[in-house]
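So the sequence shown is numbered by my numbering: it starts at 25 and just counts up by one.
Note that CB positions come from ideal geometry on N, CA and C, so glycine has one too.
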Amino acid sequence: MRRIAVFVVLSCFISLGFSMIYIHQIDPSIVKNFQPRVLSGKNGSIKVVKLFDDGKEKAFIMWGEYSGRFLNKYKFEVMIRRPGETHTYWIEGEKRVDSVLLKPCILIVSGDSEIYVNKINIEGKRGAQEEREDFRSIEKLVETVKADGMYLVVLKEGHYSLSDKLHVNDEALIVVIHRFKKWDKATVEMRINGFSISKQCTFSMSKKGIPYIAIKLGKLKVGSYVIKVSTDTKKYERKFTVK
C-alpha cells in the first residue's frame, strides 16, 4: 500500500508540471519498509531511496540525522545544481537531545541536476569540496600516528579511523607513512584473491611534514587481500580478510 501511495503522489506532482524542482515532506511511515542507501558525511548521515530516473526527471526520498551543534540553526541545506544555475533551500530539522533529524522528504528535479544535502551528493558522486574535506581528514589522522608503517583505515560517519578489521560495508583505505625525502615514489601492489594489481604512487606531505600515501580501496568484497608497498629504502606488507 505504501508503494502505491508514493506512486500516486508522484504521478500527481508530475502531471501538475513540477518538472524543475519540487521538495515536500512526507509521512515518515512511508519509508519504514524501504532499504535506503546510507551516505555518511562529516557529522551525520543521509538516507536515500531513488524512485525513478527517466532522463528528463528524477525523484528521491531522503531523510537523515546530524549532530545538532554542526547545523546552521538546526536546518539542513539542500543545494541543487544544474548547468548554469544553482538553487539552495533550507529544511527545518527536528531537534533531539544530541542530534537533529531530517524528516523524510520527496524531491523531484530535472534529470541533469546534482543534489547535495549538507554537501553530500545524494547519488553518491563525490565533488571537489568533498575530496578536499577527505584530504584534510586523512592528514589529521596521519599526524596522530607516531610510527612509520602501513595502516588499515575505515571511514565511518564522516571520520577516518585506524582499524584491524574490515567488513563488506566499510569504506576502506590503506595509509602508508614513511618519513623520508618528499619527492620519493613508491610501487603499490595489491593482490586480491590471487589477482595482482600494480601502480606507481607519489608520497604526499602533511602540513607537519610527514610523508604518506593514501590508497582508497572503497567497499571490498568478502575475500583475502595482500597489499605490498615498495620504496627505494623499505618494503611494507599488509594481509587482511574482509568478512
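- Per the C-alpha coordinates, the member of 192, 135 and 127 positioned closest to residue 107 is 135.
- According to DSSP, residue pairing for residue 139 in a beta bridge involves 104.
- In the structure shown, residue 55 adopts helical secondary structure according to DSSP, grouped into three states.
- Taking a C-beta distance under 8 Å as the contact criterion, residue 126 and residue 115 qualify as a contact pair.
- If you check the CB distance, residue 195 and residue 242 come in under 8 Å.
- For residue 89, the enclosing beta strand (DSSP E) has its first and last residue at 81 to 91.
- Residue 81 sits buried, since 16 or more C-beta atoms from the chains shown fall within 10 Å of its C-beta.
- For residue 267, the secondary structure class from DSSP, reduced to helix, strand or coil, is coil.
- Looking only at 184, 173 and 129, the smallest Cα-Cα distance to residue 54 is reached by 129.
- The residues 166, 199, 200, 201, 227, 228 and 230, in chain order, have a CB closer than 7 Å to that of residue 236 in the same chain once the five nearest residues on each side in sequence are set aside.
- Residues 189, 190, 191, 192 and 246 of the same chain have their beta carbon placed closer than 8 Å to that of residue 267, with the five preceding and five following residues left out of the count.
- Counting only residues of its own chain and dropping the five nearest sequence neighbours on each side, residue 123 has a CB closer than 7 Å to the CB of 89, 90, 91 and 92.
- In terms of Cβ geometry, residue 70 and residue 144 form a close pair [threshold 8 Å].
- Out of 102, 203, 110 and 98, the CA that lies nearest to the CA of residue 121 is found in 98.
- In this structure residue 79 is exposed. Its beta-carbon is surrounded by fewer than 16 other beta-carbon atoms within 10 angstroms.
- Setting aside the 5 residues that flank it on each side, residue 103 is surrounded in the same chain by 112 and 140, each with a C-beta closer than 6 Å to its C-beta; the list follows chain order.
- The beta carbons of residue 64 and residue 179 sit closer together than 8 Å.
- Straight across, the Cα-Cα distance linking residue 260 with residue 183 is about 25 Å.
- The C-beta separation of residue 100 from residue 142 comes to about 6 Å, placing the pair in contact by the 8 Å criterion.
- The shortest CA-to-CA distance from residue 203 to any of 263, 172 and 249 is the one to 172.
- Rounded to whole angstroms, the separation of the alpha carbons of residue 117 and residue 62 is 18 Å.
- Secondary structure of residue 165 (DSSP, three-state): helix.
- Annotated three-state conformation of residue 171 is coil, per DSSP.
- In this structure, the straight-line span from the alpha carbon of residue 72 to that of residue 147 is close to 8 Å.
- Within the segment 187 to 256, complete beta strand (DSSP E) segments of at least 3 residues are found at 195 to 201, 209 to 216, 219 to 226, 235 to 242 and 247 to 254, given in chain order.
- In the structure shown, residue 258 falls within a coil segment according to DSSP collapsed to helix, strand and coil.
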